[in-house]
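Notes to accompany the following structure.
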Ligand SMILES: Cc1cc2nc3c(=O)[nH]c(=O)nc-3n(C[C@H](O)[C@H](O)[C@H](O)COP(=O)(O)OP(=O)(O)OC[C@H]3O[C@@H](n4cnc5c(N)ncnc54)[C@H](O)[C@@H]3O)c2cc1C
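Residue numbers (my numbering): 859 to 1274.
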């Protein structure tokens, strides 16, 4: 059930309008998307005031207030979502509100810990961008990632967890056995323990022009908000993993044709068999194997792509306006560069027994070995995709979030 309903007016290929649509969709805010030819048209369609400086995109809130070309934090603030931390100190701060962070928040708050969760973007993380999660326990018909995340948010709030959205830490320091974090809006969060559940962010193609066409034809992730805009288009989905497979199936219900661009020579080693068989049955999905996008062309928006068959060494140009990149991600752990937290070569946090493979690390300060899911800094835990050797599934992220809370209790008992 959408929490609120708003109306978004904008031009067809507006990058800014896409960012707002994506945020609204992931935040389960119901919206109507109205395409206009320019700002002048808005005056005929919306309750514009005489002295308003009219700009697109424009968002009309339920109370009739119009936000012109708003930032995401302006929208969140008007929807009443930008709260300040309520307490001087928390038992647990959680970074990231994907499945791992939300699960940790539900268990921690329900078990009486003073809990705060800080999310850089929207609730749900990668899962929140998924159109239909079909392999999560208890949802035989599948559940959209945004709906799952919204339910988890309500559950965490019900138990008393505080959630700060569109905020991230800019400075973190450990002293007196506590983590002191300064957030981007200047507020401070002090906590006796923390769980990092910051997941991964989409990997790019790394070809020239890519940033120029971002959200103007090139989209990262499954872009669930974009599917209704793909009717009669040929949609390209890059990647051969489950998120790419799921995106291809979802878009096939809207687009005229879906073309998967896959680097490998088959899908069976990278795709779950239920997705593989479903793709095989969809007449409007084609898979190009051994292929990569090697160039992008267009003026303001993307118009054409070059696909190279790496086996045959043949490159061809195709008309393309909608390309979705689903090629995995890199962990959001840059903030830990200057801390004592040990990361692997890919940047993932090493936790628990994995820290002991070459003996006790020099940074480790306690007599006892690190708990499972504990990083090389006592009281700092990692859960979900951000963790070295994690499984990269919603269920395992949820499980790790819950499990991390058990170790948080043990750690807090030690430090009383
Ligand atoms: C399109 C798609 C479809 C998928 N489908 C399935 C499926 O069907 N079944 C399945 O089991 N798995 C699926 N997955 C994988 C699954 O979504 C992930 O394994 C899961 O979301 C990982 O959860 P997480 O909480 O560890 O991390 P994420 O979901 O990555 O969440 C991390 C959160 O941390 C936030 N963050 C990052 N940095 C900071 C910071 N510095 N401060 C604060 N917040 C920060 C991010 O904004 C994000 O919200 C899919 C993934 C994608 C992309």
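A virtual CB, placed ideally from N, CA and C, is assigned to each residue, including glycine.
In the DSSP assignment, residue 1038 falls within the unbroken beta strand (DSSP E) covering 1036-1041.
Secondary-structure assignment with DSSP links residue 1075 through no beta bridge to anything.
Boundaries for residue 1156: no alpha helix (DSSP H) harbours it, while the beta strand (DSSP E) harbouring it runs 1149-1156, taken from the DSSP string. Contact between residue 1267 and residue 1208 does not hold, since their C-beta atoms are separated by about 22 Å, which reaches or exceeds 8 Å.
Residue 1092 places its beta carbon less than 8 Å from that of residue 1178. DSSP places residue 1139 within a helical segment (H, G or I) once states are collapsed to three.
Exposed is the label assigned to residue 920, since fewer than 16 other Cβ atoms lie within 10 Å of its Cβ. The alpha-carbon of residue 1138 is positioned some 30 Å away from that of residue 1007. For the options 1057, 1163, 1042 and 996, the alpha carbon positioned closest to that of residue 1075 is the one of 1163. In the DSSP assignment, residue 973 falls within the beta strand (DSSP E) that extends over 973-976.
Per DSSP, residue 1216 has no beta bridge partner at all. Here residue 891 has 866 and 879 as same chain residues with Cβ atoms under 7 Å from its own Cβ, once five neighbours each way along the sequence are excluded. Nearest Cα to residue 1263 within the set 884, 1055 and 992: 1055. Straight-line measurement puts the Cα of residue 1153 at about 27 Å from the Cα of residue 1190. At least one heavy atom of ligand 1 lies less than 7 Å from the C-beta of residue 1244. The residue from 1161, 1077, 941 and 1016 with its alpha-carbon nearest to that of residue 1044 is 941. Contact between residue 1198 and residue 1234 holds, with the beta-carbon distance rounding to 6 Å and staying under 8 Å.
DSSP places residue 1189 outside any alpha helix (DSSP H); the residue lies instead in the beta strand (DSSP E), whose first and last residues are 1187-1189. Rounded to whole angstroms, the separation of the alpha carbons of residue 1072 and residue 1270 is 44 Å.
When the Cα atoms are used, residue 954 and residue 903 turn out to be separated by approximately 38 Å. The residues 1051 and 1269, in chain order, have a CB closer than 6 Å to that of residue 1237 in the same chain once the five nearest residues on each side in sequence are set aside.
By the Cβ test, the region 979-995 is in contact with the region 1004-1021, since at least three Cβ pairs between them sit closer than 8 Å. Between the region 1010-1018 and the region 915-929, the count of C-beta pairs closer than 8 Å stays below three; the two stretches do not touch. Minimum Cα-Cα distance from residue 1173 among the listed residues 905, 1122 and 1148 corresponds to 1148.
Residue 1061 carries a coil assignment under DSSP once its states are collapsed to helix, strand and coil.
Annotation for residue 1005: 886 place their beta carbon closer than 7 Å to its own, counting only its chain and skipping 5 residues before and after. When the Cα atoms are used, residue 1094 and residue 1113 turn out to be separated by approximately 10 Å. In the DSSP assignment, residue 881 falls within the unbroken alpha helix (DSSP H) covering 873-884. Relative to ligand 1, the nearest heavy atom lies less than 7 Å away from the CB of residue 987. By the neighbour-count definition (other C-beta atoms within 10 Å, threshold 16), residue 911 is an exposed residue.
Residue 1088 carries a helical assignment under DSSP once its states are collapsed to helix, strand and coil. About 3 Å separates the CB atoms of residue 868 and residue 915; that is less than 8 Å, so the two are in contact. Inter-residue distance for residue 1204 and residue 1212 is about 15 Å (C-alpha atoms, whole angstroms).
Residue 1226 sits exposed, since fewer than 16 C-beta atoms from the chains shown fall within 10 Å of its C-beta. The residue from 1063, 1170 and 1067 with its alpha-carbon nearest to that of residue 1078 is 1063.
When DSSP states are grouped into helix, strand and coil, residue 1269 belongs to the helix group.
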